[in-house]
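Engineer: Dropping the structure in here first, questions after.
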Amino acid sequence: MGICLTGSDDAWHNYERQSAATGAASGHRIDVVVDRDPVSETGVTVYVNGAKATGPDVRVHVLDPGAGEADHEWLTGHLQHDDSVPVAVRSEITVLAKDYHRIQYCAHPDCDA
16 MGICLTGSDD AWHNYERQSA ATGAASGHRI DVVVDRDPVS ETGVTVYVNG AKATGPDVRV
76 HVLDPGAGEA DHEWLTGHLQ HDDSVPVAVR SEITVLAKDY HRIQYCAHPD CDA
C-alpha cells in the first residue's frame, strides 16, 4: 500500500510505500529493472538496498502472452508452480494469466465457457 507524495491531479504521481512515507523505516529497498526487448528475451535485474541480488533467492516470473490472445495451453503452463512459490505470488500470477487468457471466451472444458 502506498501514498501519493505529489498531491497533484496530473497524470504522473510519485508513490512511496506507506511505511516509508510515514517515517517507519522498512530496512529494505527493492528496485527491479525490466529490460523488455521486443525482439529477444526480457531481462530482469533485482537490487536489494542498492546491491544486485543474484543466486537462488531471486525468482522471476514473467507473464508475456505476446500479441493476440493467450491460448489454453499458455494458461495451463502459467498455472503450474513448484511448491516453493509463495501463495501470494501464485495468486497474482493466476489472476494475471486468467485475465490474459480471457476465460469467458475459451471453449476448453476446464474454463467452463
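Residue numbering for the sequence shown follows this note's numbering, beginning at 16 and increasing consecutively. Heads up, the beta-carbon is just placed ideally off N, CA and C, and yes, glycines get one too. From a predicted model like this one, the values you see are computed outputs, not experimental measurements.
Please identify the residue among T91, D98, A103, H96 whose C-alpha is closest to the C-alpha of R117.
Structural biologist: Of T91, D98, A103, H96, the residue nearest in Cα terms is T91.
Engineer: Which residues in the same chain have their Cβ closer than 6 Å to the Cβ of P80, if we skip the five residues on either side of it in sequence?
Structural biologist: For P80, where only same-chain residues beyond five positions count, the Cβ hits under 6 Å are Y115.
Engineer: Are the beta-carbon atoms belonging to T57 and V73 less than 7 Å from one another?
Structural biologist: Their beta carbons are not under 7 Å apart, which means T57 does not touch V73 by this criterion.
Engineer: Would you mind reading off the limits of the beta strand (DSSP E) that contains I108?
Structural biologist: Looking at the DSSP string, I108 is not in any beta strand (DSSP E); the run it does join, the alpha helix (DSSP H), is 102-116.
Engineer: Please report the Cβ distance between Y62 and D52, rounded to the nearest whole angstrom; I am assuming they are in contact, meaning their Cβ atoms lie under 8 Å.
Structural biologist: At roughly 20 Å, the Cβ-Cβ gap does not stay under 8 Å, so Y62 and D52 are not in contact.
Engineer: Determine the DSSP secondary structure at C126, reduced to helix, strand or coil.
Structural biologist: DSSP places C126 in helix when its eight states are reduced to three.
Engineer: If you run the structure through DSSP and keep just helix, strand and coil, what is G58?
Structural biologist: Reduced to three states, the DSSP call for G58 is strand.
Engineer: Classify H43: buried if its beta carbon has 16 or more other beta carbons within 10 angstroms, exposed otherwise.
Structural biologist: Classification of H43: exposed, given that the 10 Å Cβ count is below 16.
Engineer: Report the partner residues of R74 according to the DSSP bridge assignment.
Structural biologist: Paired residues: none, contrary to the question.
Engineer: Using 10 angstroms around the beta-carbon of A66, count the other beta-carbons present and answer buried if the total reaches 16, otherwise exposed.
Structural biologist: The residue in question, A66, is exposed, as its Cβ has fewer than 16 Cβ neighbours within 10 Å.
Engineer: Identify, in the order they occur along the chain, each residue of the same chain with its Cβ nearer than 6 Å to the Cβ of L111, setting aside the five sequence neighbours on each side.
Structural biologist: Result list for L111: L78, in chain order.
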